[in-house]
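Trainee: My questions all concern the structure below.
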Amino acid sequence: MIDPQLIRNDLDNVAKQLAKRGFVLDTARLSELEAKRKSVQVETEALQAERNARSKSIGKAKASGEDIAPLLAEVADMGDRLKAGEARLAEIQTVLDEMLQGVPNIPHADVPEGRDEADNVEIRRWGEATTFDFEPKDHVDLGVTLGGMDFETGSKITGSRFTVMSGAIARLHRALTQFMLDLHTGDHGYTETYVPYMVNADSLYGTGNLPKFAEDLFKLEGEQEYYLIPTAEVPVTNIVRDVIIDADEMPRKFVCHTPCFRSEAGSYGKDTRGLIRQHQFEKVELVQVVKPQASDAALESLTNCAEQVLQRLGLPYRVVILCGGDIGFSSTKTYDLEVWLPGQQKYREISSCSNFGSFQARRMQARWRNPESKKPELVHTVNGSGLAVGRTLVAVMENYQDAEGRVHLPKVLHPYMGGVTVIE
RNA sequence: GGAGAGGUGGCUGAGUGGUCGAAAGCGGCGGUCUUGAAAACCGUUGAGGGUUUGUAGCCCUCCCAGGGUUCGAAUCCCUGCCUCUCCGCCA
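Counting with numbering that gives the first Met the number 0, you get residues 0 to 423 for the letters of the first sequence.
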């Protein structure tokens with residue numbers, strides 16, 4: 000949620016900044032609701048104050064043995080008036096909250112103008128697009144030929160967009176996960192974290208997945224209203240929900256490997272081939288909870304940590320900054336890492352690193368105690384994939400293939416592969 | 001799944017209808033003393049929101065959550081959630 004103070008005091012400017020992402024803020028309706036809220040709230044609270052004062056005097060009168068009947072008569076109708084006022088306030092507040100919850104985050108000044116993916120701006124490249132003296136295969140052809148990547152069985156067991164892996168490929172998938180976790184804990188100072196894979200609605204609300212993006216989620220049957228996590232970002236960030244963090248415990252840096260479950264509603268027909276877009280995939284997620292003034296630097300650092308994975312694996316990639324029209328709902332600034340996929344002859348997203356500012360923190364009341372003001376203040380949250388494991392598997396297979404369809408594993412993975420250096 | 005106990009401020013814990021946002025202790029912060037520190041002593045110390053130019057003042061809300069009773073609820077009633085103990089089951 001964006002700062003409601005901004006809505007009150009700087010509405011036109013907020014609307015202008017949101018226009019960068021193609022979002023039209025209904026300023027007329029907002030200021031009308033806000034004016035109404037103000038008058039009803041002031042009125043209701045005055046009524047509450049009166050009720051409190053009168054009740055207190057009744058208490059005193061009773062204690063000193065006076066007759067309280069006349070006092071009681073005076074307040075006879077107060078209850079109803081109060082209830083009416085409170086109900087009206089709650090109603091306006093609900094409408095206002097619903098509206099504000101639908102407002103996306105204000106984009107960072109660095110975010111370029113643009114309507115969609117095509118307008119994202121490349122920031123830098125690492126490595127050269129891999130070239131071959133033969134026609135490179137994509138991971139599906141490689142995987143099926145090698146054995147160990149079985150899409151038919153996945154869809155038999157469950158349905159489309161599910162895969163069974165086995166043998167060396169399954170091991171490679173696990174090796175990549177271990178490698179990423181070891182890198183981020185060992186070299187980058189992140190704390191390994193294990194979290195629930197099912198979360199409640201409050202947690203999803205906190206990160207901004209609810210109420211707006213319910214159709215992207217798998218909701219479980221049963222009384223409890225639980226959802227499968229779409230990313231570790233949800234449970235990990237909610238570690239600090241309703242918490243006031245000591246200044247000397249900042250920043251908090253988490254790395255967490257989880258499966259992710261996404262319904263991919265609205266992406267029918269997109270990336271239907273192979274592992275690129277599955278309902279279930281593994282991801283190693285990086286999350287930082289930082290002081291507000293540190294979040295810009297934290298995004299750069301976290302992005303670099305994710306890039307390190309690609310560099311050590313020797314996978315060519317580029318970094319793009321998302322334009323206003325392509326940036327996510329909760330994010331103020333996002334870098335995507337796009338890895339080179341020879342099978343597609345394209346750079347494809349393998350990580351998305353975002354600074355959320357105080358947007359998530361405000362929704363989940365995640366705060367830190369500022370030693371200067373001595374008051375609890377909202378933290379900033381930053382996160383990104385480090386990396387999506389399935390897509391990394393795809394990238395390794397496609398970039399390290401030879402003419403015979405074998406996959407020569409990068410050196411950093413050898414210790415994790417139990418002596419296997421070539422998948423054949 | 002069965003039986004019982006309980007959820008109060010950073011922590012322990014008192015409070016069973018009125019002046020209670022809440023005793024006391026611990027912790028934290030500031031001070032006195034000290035070369036410095038400790039001890040001792042004194043003071044101070046919850047969160048959210050509204051109004052307002054205001055980190056001033058005033059006001060509202062919050063004692064797990066949501067309803068209810070009442071002029072008035074931490075305290076009474078209902079529902080839910082969570083925690084603990086014992087038994088059963090289980091990776």
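All residues carry an ideal CB built from backbone N, CA and C; glycine is no exception.
Do residue 310 and residue 182 have their C-beta atoms within less than 8 angstroms of each other?
Mentor: For the purposes of this step, residue 310 is identified with residue 311 of the first sequence, where counting begins at 1. For the purposes of this step, residue 182 is identified with residue 183 of the first sequence, where counting begins at 1. Contact: no.
Trainee: Would you report the Cα separation of residue 291 and residue 358, rounded to the nearest angstrom?
Mentor: Within the first sequence, the letter at position 292 stands for residue 291. Within the first sequence, the letter at position 359 stands for residue 358. The alpha-carbon atoms of residue 291 and residue 358 are separated by roughly 11 angstroms.
Trainee: For residue 429, report the span of its alpha helix (DSSP H) as first-last.
Mentor: The chain is shown only over 0 to 423; residue 429 falls outside these bounds and no answer can be derived.
Trainee: Residue 323 and residue 126 - do their beta-carbons sit closer together than 8 angstroms?
Mentor: Numbered from 1 along the first sequence, position 127 holds the residue referred to as residue 126. Numbered from 1 along the first sequence, position 324 holds the residue referred to as residue 323. Cβ distance not < 8 angstroms, so residue 126 and residue 323 don't count as in contact.
Trainee: Taking the straight line between their C-alpha atoms, what separation do you get for residue 395 and residue 341?
Mentor: As a position in the first sequence, residue 395 is number 396, starting the count at 1. As a position in the first sequence, residue 341 is number 342, starting the count at 1. Spanning the two alpha carbons is a distance of roughly 10 angstroms.
Trainee: Between residue 320 and residue 122, is the Cβ-Cβ spacing less than 8 angstroms?
Mentor: The residue labelled residue 320 in the question sits at position 321 within the first sequence. The residue labelled residue 122 in the question sits at position 123 within the first sequence. For residue 320 and residue 122, yes; Cβs fall inside 8 angstroms.
Trainee: Tell me whether the region 233-253 and the region 178-192 touch, counting them as touching only if at least three CB pairs, one residue from each stretch, are closer than 8 angstroms.
Mentor: Yes, they touch.
Trainee: Provide the residue span of the beta strand (DSSP E) that contains residue 53, from first to last.
Mentor: Taking the first residue of the first sequence as 1, we reach residue 53 at position 54. From DSSP, residue 53 is part of no beta strand (DSSP E) but of the alpha helix (DSSP H) over 26-62.
Trainee: So for residue 279, helix, strand or coil by DSSP?
Mentor: Here residue 279 is taken as the residue at index 280 of the first sequence, counted from 1. Strand, per DSSP.
Trainee: Comparing C-alpha positions only, which one of 351, 172, 35 and 138 sits nearest to residue 91?
Mentor: Against the first sequence, residue 91 aligns to sequence position 92. When only C-alpha atoms are compared, the closest one is 35.
Trainee: Between residue 172 and residue 392, how many whole angstroms is the CB-CB distance? I'm expecting something under 8 angstroms.
Mentor: Translated into the one-based positions of the first sequence, residue 172 becomes position 173. Translated into the one-based positions of the first sequence, residue 392 becomes position 393. Between residue 392 and residue 172 the Cβ distance is about 5 angstroms, and since that is below 8 angstroms, they are a contact.
Trainee: Rounded to the nearest angstrom, what separates residue 282 and residue 115 at their Cα positions?
Mentor: Locating residue 282 in the first sequence gives position 283, where the first residue counts as 1. Locating residue 115 in the first sequence gives position 116, where the first residue counts as 1. For residue 282 and residue 115, the distance between alpha carbons rounds to 25 angstroms.
Trainee: Could you give the C-beta distance for residue 229 and residue 261, rounded to a whole number, given that I count them as a contact under 8 angstroms?
Mentor: Residue numbering aside, residue 229 sits at position 230 when the first sequence is read from its first letter. Residue numbering aside, residue 261 sits at position 262 when the first sequence is read from its first letter. Between residue 261 and residue 229 the Cβ distance is about 5 angstroms, and since that is below 8 angstroms, they are a contact.
Trainee: Applying the 10 Å Cβ sphere with the 16-neighbour rule, what's the burial state of residue 383?
Mentor: Residue 383 sits at position 384 when you count from the first residue of the first sequence. With 16 or more Cβ atoms within 10 Å of its Cβ, residue 383 is classed as buried.
Trainee: Residue 330: which of 346, 354 and 345 sits nearest, CA to CA?
Mentor: Position 331 of the first sequence, counting from 1, holds the residue named residue 330. When each option's Cα is compared against that of residue 330, the closest is 354.
Trainee: DSSP state of residue 294, grouped into three classes?
Mentor: Taking the first residue of the first sequence as position 1, residue 294 is located at position 295. Note: residue 294 maps to helix in three-state DSSP.
Trainee: Of the choices 156, 199, 222 and 305, whose alpha-carbon is the least far from that of residue 240?
Mentor: Numbered from its first residue, the first sequence carries residue 240 at position 241. Measuring from the Cα of residue 240, the nearest candidate turns out to be 199.
Trainee: Does the beta-carbon distance from residue 416 to residue 174 come in below 8 angstroms?
Mentor: If you number the first sequence from 1, residue 416 lands on position 417. If you number the first sequence from 1, residue 174 lands on position 175. Yes, the pair counts as a contact, with Cβ atoms nearer than the cut-off.
Trainee: With C-beta atoms as the reference, is residue 236 less than 8 angstroms away from residue 206?
Mentor: Working through the first sequence from its first residue, we reach residue 236 at position 237. Working through the first sequence from its first residue, we reach residue 206 at position 207. Yes, they are a contact pair.
Trainee: Can you look up residue 209 in the DSSP assignment and give me helix, strand or coil?
Mentor: Reading the first sequence from its first residue, position 210 is the one you call residue 209. DSSP places residue 209 in coil when its eight states are reduced to three.
Trainee: Would you call the CB atoms of residue 305 and residue 274 closer than 8 angstroms?
Mentor: The count along the first sequence starts at 1 and reaches residue 305 at position 306. The count along the first sequence starts at 1 and reaches residue 274 at position 275. No; because the gap between Cβ atoms is not below 8 angstroms, this pair is not in contact.
Trainee: Which stretch, first to last residue, makes up the beta strand (DSSP E) that contains residue 140?
Mentor: Here residue 140 refers to the residue found at position 141 when the first sequence is read from its first residue. Taken as a continuous stretch (DSSP letters only), residue 140 belongs to no beta strand (DSSP E), being part of the alpha helix (DSSP H) at 138-145.
Trainee: Would you grab the beta carbon distance between residue 162 and residue 149 for me? Rounded to a whole angstrom, and I think it's under 8 angstroms.
Mentor: As a first step, residue 162 is located in the first sequence; it is residue number 163 there, counting from the start. As a first step, residue 149 is located in the first sequence; it is residue number 150 there, counting from the start. Indeed, because the Cβ distance is near 7 angstroms, the residues count as touching under 8 angstroms.
Trainee: Based on Cα-Cα distance, which residue from 349, 156 and 389 lies nearest to residue 142?
Mentor: Residue numbering aside, residue 142 sits at position 143 when the first sequence is read from its first letter. Nearest option by C-alpha distance: 389.
Trainee: For the putative contact between residue 288 and residue 365, defined by C-beta atoms under 8 angstroms, what is the C-beta separation to the nearest angstrom?
Mentor: Looking up residue 288 in the first sequence gives position 289. Looking up residue 365 in the first sequence gives position 366. Yes, they are in contact, since the Cβ atoms of residue 288 and residue 365 sit about 7 angstroms apart, within 8 angstroms.
Trainee: For residue 191, which three-state DSSP category applies?
Mentor: Within the first sequence, residue 191 is the residue found at index 192, counting from 1. Looking at residue 191 - three-state DSSP - the assignment turns out to be strand.
Trainee: Can you grab the Cα-Cα spacing for the pair residue 413 / residue 419, in whole Å?
Mentor: Taking the first residue of the first sequence as 1, we reach residue 413 at position 414. Taking the first residue of the first sequence as 1, we reach residue 419 at position 420. Computed Cα separation, rounded: 7 angstroms.
Trainee: DSSP has residue 254 in a bridge; who is on the other side?
Mentor: Against the first sequence, residue 254 aligns to sequence position 255. Residue 254 pairs with 191 and 285.
Trainee: Any chance the region 14-32 sits against the region 83-102, with 3 or more Cβ pairs inside 8 angstroms?
Mentor: Enough Cβ pairs lie closer than 8 angstroms, so yes.
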